[in-house]
Amino acid sequence: MSNLPPSWKALEWSVILKLTFQSIGVVYGDIGTSPLFVFATVFPNGVKLEEDILGALSLIFYTITLIPLIKYVFIVLRANDNGDGGTFALYSLICRYSKVGLIPSQQPEDKDVSTFKLDLPDRRTRRASKLKSKLESSNFAKFFMLIATMLGTSMVIGDGILTPCIAVLSAVGGLKAAAPSVLTEERLIWIAVAILILLFMFQRFGTENVGNTFASVLSLWFIFIAGIGIYNIVKYDPTIIRALNPKYIIDYFKRNKKNAWISLGGVVMSITGGEALFADVGHFSVLSIQISMCCVTYPALILAYLGQAAFLMKNIDDVADTFYKSIPHSLYWPVFIVAVLAAIIASQALISGTFSIIQQSLALGCFPRVKVVHTSTKHHGQVYIPEINNLLMLSCVIVTLTFRTTEKISNAYGIAVVFVMVLTSCFLVLVMIMIWKTNILFVIIYVLIIGTVELIYLSSVLYKFDQGGYLPLAFSMFLMFIMYVWNYVYRKKYHFELEHKISPLKVKEAVDETNYHRLPGLAIFYSELVHGIPPIFKHYVENVPVLHSVLVFVSVKSLPISKVPVEERFLFRRVKPCDLYVFRCVVRYGYNDVHNEEESFERLLAERLKEYIRYDSMLSMNAAKSNRVSTEQSSNMELEIDCDIQEDVTFSRERDIEVVERAYSVGVVHFVGEQDVIAGKGSGVAKRVVINYVYNFLKRNLRQSSKVFDIPHKRMLKVGMIYEL
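If you're matching positions, the sequence shown starts at 0 in numbering that gives the first Met the number 0 and goes up one per residue.
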């Protein structure tokens, strides 16, 4: 029951195979380079018994099979939101189906958007309705889901900071092994910093160019590790395949008890980047990721771990450097070079995933305004966010200079990975019950198997909290605080405008009470309010008694869906009386839609406005005909009245369209509200700090609405007003 958008359904196989190739370079860099260090992290103090190698290999095999392959590739990817993935995509699915979202600008007309509707089965609706009603009636559940989504998003971003640090430090560590006398630790740190800066500077070229470049390297990398794995299996221990028997896992825990549980933190390193696989689906497609995982990544990883375990069975003392020691001598330097490049590329999966989830959270009012650059005209999910890119780069540099070694960073790495996986499973269970209406037996099996395994792994990685595990949690709490502050004030501002909105009658009174003049031209007033006219209009009229011939109050609104068809984007309403020529317009975007360039937006708005006038006149004519003289009169009289009504409506329609065309031809002026937000009198200390200091600091230092929507400065006027929340 995949929620694939029409654009992905219509893809030809040539495009799918191209996306499959690109996904190798973007999605699998993190999980693909795990063989560099997994066995070393599972056995940090060395291997005591050969049977422990079989137990660890069995754990690695079933973990990769259960989590990235079965859970993400075959289950979670089906929960995409019209082709887009990530924590916010799951949250938006749940919000669309049940009224648990805290976004205040919801309208009944939103459900009429074709991509908003969900294809739901008819069976097992009682259980789904019961759960839905419980969530809708609980304010705690609504806030908890929003906070959990923000925390999960923050964790993924934190993972996106740690991954480049570990990958680059491990890469330059390999360079030190090649020239230990020349490259000191201090020089290696600065080389790592330089590589990180170059990596993030490369992001501006877009996912498609990055994917094509990196996919070639990663494809060669997977060929190498699979081939070396087969070589080691044949040379050292062809019977290593016996480790696929899960009884070796049971024996491993019987022998090692607590140490076996602690070692699960090392096993987790074999599935790092699993969440990026879901978050990056919007850059490609579900089918392309399924093909690349099943045909390339999964077989290569399994062969690599089998080969390393076979090598360790005969070389038990080389566990600290398993990967490089297991390479055939003749291939050492080619593999070393590709390994260094692959380790650097590993960070790409989380960087691309971070861009995707930030774009989603931004559109849902949960993140400060930043500029989203769409880097591909073919695939709208491929985005680049300059501010976030710079933040990630700065954070990576600070972490690298502070921690300096991969050992210290790896202690923090697993917490972010496993926590997001657990959160994804929780949301997925809600999707299964409420939206998919999955048989309860399958839901129970999922929770008992995958849910239990993830909770066990989470308990293991939390054991190293005081050894660096606090890092992703500290960063996530900071980022979540920023997201919550922005969302809190966003909702407060909206409710303030809703309480002080101007009714159509008040608009007429405000215009009549003011000695105003009408200028030729089209004026667009921007506001977040979708249920009326914002109070800033009255403030403007009282101070500037000049109005343009046509006024359109535009609310640019993001729906909790990935894309809105262009023909369904504009929703108009006319403010009475008609001779004012005042309209309300809600411009609806999905969180992955490309906001139109300004000239295109103005043209589209004018065209859709004329279409609305034609449609509205038709409704008026039908309403007038229904109220015509009684049927007792002659049919000739009825015909004459119908003709009179049609002539009047046609004349009125053509006149209104002519007014709009003339106003558009004269020019368009954009009015942007510049609201200064302060805490109201009697507010508590916490509220004053959040609104007066934290929010206003973010607002001053981030992009304004005019910059986000590319409104031209020559045709823009700002209207200031103070909101006391």
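Cβ coordinates follow ideal geometry from the N, Cα and C atoms, glycine included. Being a predicted model, the structure only gives us computed values, none of them experimental.
| Asked | Found |
| --- | --- |
| Among T423, V428 and L243, the one whose alpha carbon lies nearest that of E274 | T423 |
| The region 260-277 contacting the region 460-480, beta-carbon criterion three pairs below 8 Å | yes |
| Three-way DSSP call (helix, strand, coil) for F571 in this model | strand |
| Under the three-state DSSP convention, the category A792 falls into | Nothing can be reported for residue 792: it is not among the residues displayed for the chain, which extend from 0 to 724. |
| Completely contained alpha helix (DSSP H) runs for the region 252-329, where each covers 4 or more residues | 257-266, 273-278, 285-291, 297-313 and 321-324 |
| Straight-line gap, S664 to G520 (C-alpha atoms, nearest Å) | 8 Å |
| Between the CA atoms of I326 and N231 - distance to the nearest angstrom | 8 Å |
| Alpha-carbon to alpha-carbon, I270 and L457 | 13 Å |
| DSSP state of G54 mapped onto helix, strand, coil | helix |
| Nonlocal neighbours in the same chain, by C-beta distance under 6 Å from V585, ignoring five residues either side | V529, S554, K556 and L570 |
| The region 426-444 contacting the region 77-92, beta-carbon criterion three pairs below 8 Å | yes |
| Straight-line Cα distance separating Q21 from A473 | 34 Å |
| For V549, the three-state DSSP class (helix, strand or coil) | strand |
| Integer Cβ distance of A522 from H547, believed to fall under 8 Å | 4 Å |
| The region 565-579 touching the region 602-621, judged by at least three CB pairs closer than 8 Å | yes |
| Distance, K131 Cα to E496 Cα | 30 Å |
| H669 - DSSP class collapsed to helix/strand/coil | strand |
| Exposed unless 16 or more other CB atoms sit within 10 angstroms - verdict on K246 | exposed |
| Nearest-angstrom beta carbon gap, M715 and V671 [assumed within contact, 8 Å] | 6 Å |
| Collapsed DSSP secondary structure at D29 in the structure displayed | helix |
| Minimum Cβ-Cβ distance from Y297 to chain D less than 9 Å | Any reference to chain D falls outside this structure, which holds one protein chain only. |
| Buried or exposed by the 16-neighbour rule on C-beta atoms within 10 Å, applied to A303 | buried |
| Test item: CB-CB of N486 and M149 under 9 Å | yes |
| Cutoff 6 Å; reference C294; Cβ partners in own chain excluding five residues on either side | none |
| For K556, the residue or residues it bridges with in DSSP | R587 |
| Between the CA atoms of A193 and Q202 - distance to the nearest angstrom | 15 Å |
| 8 Å contact criterion, which Q359 and F552 should meet: CB distance rounded | Not a contact, Cβ separation roughly 27 Å. |
| Beta-carbon proximity of P544 to I501, cut-off 9 Å | no |
| Alpha carbon of D158 to alpha carbon of S599, nearest angstrom | 38 Å |
| Separation of I52 from N695, as counted between CA atoms | 56 Å |
| Burial state of Y331 (16 or more Cβ within 10 Å) | exposed |
| Environment of Y692 [buried if 16+ CB atoms lie within 10 Å] | exposed |
| Integer Cβ distance of M154 from P564, believed to fall under 8 Å | Actually they do not touch by this definition, with Cβ atoms about 33 Å apart. |
| Burial state of A309, where buried means 16 or more other Cβ atoms lie within 10 Å | buried |
| Cβ shell of K492 (< 8 Å), same chain only, five flanking positions each side left out | E527, Q674, V676, Y722 and L724 |
| Alpha carbon of A338 to alpha carbon of Y445, nearest angstrom | 36 Å |
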